[in-house]
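Read the structure below first, then the notes.
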Amino acid sequence: MGRWCCWTAPLSVTRRRTGAANQRNYSGKHKAHGLLFLALTYEKGRRLVWISAARPGRSSEITTARHNKLIEHLRVACLGALGDLGFIGRDDDPDNPVLITGYKAARTKPVTSAEN
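For the sequence shown, the residue numbers in this note's numbering are 567 to 682.
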């Protein structure tokens with residue numbers, strides 16, 4: 567796989583709503599109300615490959631990626647991506663991975679220099 571892409575999950579900030587509808591769009595991470603999107607970009611962010619539907623701001627990036635089947639979109643487009651430790655175990659094909667993640671250290675087994 568020679569091509570790669572970047573993904574980003576920007577929170578599109580919206581105006582605060584009143585009542586119970588207010589809580590769905592509040593992002594505790596960003597401390598703001600808004601809608602969350604996942605976007606796959608290619609060539610250093612210059613070309614948009616794919617963008618997800620809007621999700622409530624309270625959704626996490628990992629949940630949004632799973633809900634929108636991001637791994638399948640990467641596989642169809644023949645692209646690879648780097649992910650953070652939250653995405654460990656998301657890619658179901660270890661022989662031909664499209665999502666590369668780091669290693670998570672346990673208390674009893676620290677990360678070795680080869681895994682760094």
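Note that CB positions come from ideal geometry on N, CA and C, so glycine has one too.
Remember, it's a predicted structure, so these values are computed and weren't measured experimentally.
{"Item": "Which residue's Cα is closest to the Cα of His599: Pro676, Ile637, Ala631, Arg581?", "Value": "Arg581"}
{"Item": "With 16 other CB atoms within 10 Å as the buried threshold, where does Arg673 fall?", "Value": "exposed"}
{"Item": "Am I right that Arg624 and Arg590 are in contact with their C-beta atoms under 8 angstroms? What's the rounded C-beta distance?", "Value": "6 angstroms"}
{"Item": "How is Ile654 classed by DSSP in three states: helix, strand or coil?", "Value": "coil"}
{"Item": "DSSP on Leu604, reduced to helix/strand/coil?", "Value": "coil"}
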